[in-house]
Each structure stands twice: as structure tokens, then as C-alpha cells.
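Engineer:
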Amino acid sequence: MKKIILVSAFGVAGLLSAKGAPVPNTTVQPKEKTEVSKGISEEKQFKEDSKSENETARTCTQWYTIEAPCGAIYYLCGNNYWGTQQLHAAMDYYNDVKCN
């Protein structure tokens, strides 16, 4: 009886963890752009889009090389932090991630 339960448990576990059949390659159609009513909302949308593009294109001017207590070396961009408290909090976090 124990053997039957054990074999059935392995069978159920095998069925649950088995990968499904591969999905054939499908092409995803890009979403059509919805027209924004002209006026203030269109200008606001343009400003938000250009702001996000500028933020992602910005380069870092203050790189800090940090050596974790366990010897791992990593780099932090100083432009991403508003002050030393936030930078030290990030250092503590990454030290914990790198060393544990």
C-alpha cells in the first residue's frame, strides 16, 4: 500500500512539474496608437514622453567604486541618490546582497 501511494505521489509530482508542449512562434501585432485629443492633453503627453526619454538618456557623472566587506567590488552612480544617507543605505543593501 505504501508503494502505491509513493508511486502515485511521484506520478502526480511529475505531471505537475512537466513542461507543456512548446508554443509555436506567433507574431505579435503592435498596438495601434490611439489619437489624443488635441490641446493641452497632447502637449502634456509630449512633455511627459520627452522627459522620460531625457531621463533614460542621461549619463552618470559621479561613479563610486565600492568594495563590500566580503571583497566583492561594485559601482554606484551618485546621481541616483539625493544625499549621503540614501547612498549609504544603498551601500548597506548591496553589501548584504553581494556578501550573503
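For the sequence shown, UniProt numbering begins at 1 and goes up steadily by one.
Beta carbons are placed, not taken as given, at the ideal position from N, Cα and C, and that holds for glycine.
(1) Output the distance between the C-alpha atoms of Asn100 and Cys60, rounded to the nearest integer angstrom.
(2) Looking only at its chain, what residues have a beta carbon closer than 8 Å to the beta carbon of Met91, apart from the 5 residues adjacent to it on each side?
(3) Checking the sheet assignment: what are the DSSP bridge partners for Trp63?
(4) With DSSP as the reference, label Ala68 as helix, strand or coil.
(5) Whole-angstrom Cβ separation of Gly83 and Tyr64, contact assumed at under 8 Å?
(6) Taking the straight line between their C-alpha atoms, what separation do you get for Asp96 and Lys3?
(7) Starting from the Cα of Gln62, find the closest Cα among Tyr94, Ala68, Tyr81 and give me that residue.
(8) Taking just the CA atoms, how far does Tyr94 sit from Cys70?
Structural biologist: According to the data block:
(1) If I take the Cα positions, the gap works out to 28 Å.
(2) Excluding positions up to five away in sequence, the list reads Ile66, Leu76.
(3) The partner list for Trp63 (beta bridge, DSSP) reads Cys77.
(4) It is coil, neither helix nor strand.
(5) Contact between Gly83 and Tyr64 fails: their C-beta atoms lie close to 14 Å from each other, not under 8 Å.
(6) So the alpha carbons of these two residues sit roughly 46 Å apart.
(7) Per the Cα distances, Tyr81.
(8) Cys70 and Tyr94: Cα-Cα distance of roughly 11 Å.
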